[in-house]
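As numbered in my numbering, the sequence shown has no gaps in its residue numbers, which increase by one up to the final residue, 144. All C-beta atoms, glycine included, are put in the ideal place defined by N, C-alpha and C. Only one structure is covered here, and it is reproduced in the block below.
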Amino acid sequence: MFSRTLNRAAAAVGISMLVVTAGGGATAVAQTTVQPQAVQGGVVRGGADGSPRTLMCPPEENVLSGGFTLSAPEGRRLGAVPADLVESHPTVDATGWVIAVRKGLAPDGRDRHADHGDPADLTIWLVCTQGENTPGG
8 MFSRTLNRAA AAVGISMLVV TAGGGATAVA QTTVQPQAVQ GGVVRGGADG
58 SPRTLMCPPE ENVLSGGFTL SAPEGRRLGA VPADLVESHP TVDATGWVIA
108 VRKGLAPDGR DRHADHGDPA DLTIWLVCTQ GENTPGG
């Protein structure tokens, strides 16, 4: 009889723990979180020249991360030498991202006098908070 009562009590405690744990998980999901949004900058022609370029988040938002893409103008292609990422970091107040990258275009075989070191085009991408100016705050 004692073991049957003990088993029932243990089962009741187990079910209670399951309900409490599941309830806590549902509550955590229901909390509001920061919804990030991607922000794409315009194409900077010749922007992969190693100079720092900055893209800012919309007003009242902070940056979560940043990145870039490189491209070549129509009729050209990217050079074989890998890109050199000089700097990639948030601005001091975390409202934008600074990128400096070097990447050249492949020589243009049609024009002997063309510059072989022409920089590639640069596009900066950001992930910003949406509707909250401080992540997690």
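Subject >> Spatial neighbours of S95 in its chain, beta-carbon cut-off 6 Å, leaving aside the 5 residues before and after >> reply: I106
Original post:
Between the region 126-139 and the region 72-80, do at least 3 Cβ pairs fall closer than 8 Å?
Top reply: yes
Subject >> Alpha carbon of G124 to alpha carbon of R60, nearest angstrom >> reply: 19 Å
Subject >> Same chain, Cβ closer than 6 Å to S72, five either side skipped, listed in chain order >> reply: V134
**OP:** With a threshold of 16 other CB atoms inside 10 Å of the CB of A55, please say whether the residue is buried or exposed.
**Re:** buried
Original post:
T98 lies in the beta strand (DSSP E); which residues open and close that run?
Top reply: Counting along the chain, T98 falls outside any beta strand (DSSP E), and DSSP gives it neither H nor E.
**OP:** Can you say whether E67 is buried or exposed, counting buried as having 16 or more other CB atoms within 10 angstroms of its CB?
**Re:** exposed
Subject >> When T102, S58, V88 are compared against V108, the one with the closest alpha-carbon >> reply: S58
Original post:
So, is the C-beta of E68 closer than 8 Å to a C-beta in chain D?
Top reply: Of the protein chains in this structure there is only one, and it is not chain D.
Original post:
How should L92 be labelled, buried or exposed, when 16 other C-beta atoms within 10 angstroms of its C-beta is the threshold for buried?
Top reply: exposed
**OP:** Alpha carbon to alpha carbon, how far is G49 from Q38? Give it in angstroms, no decimals.
**Re:** Unreliable placement is indicated for Q38, whose pLDDT of 46 sits below 50; the coordinate value is still reported in the next sentence. Going from the Cα of Q38 to the Cα of G49 covers about 35 Å.
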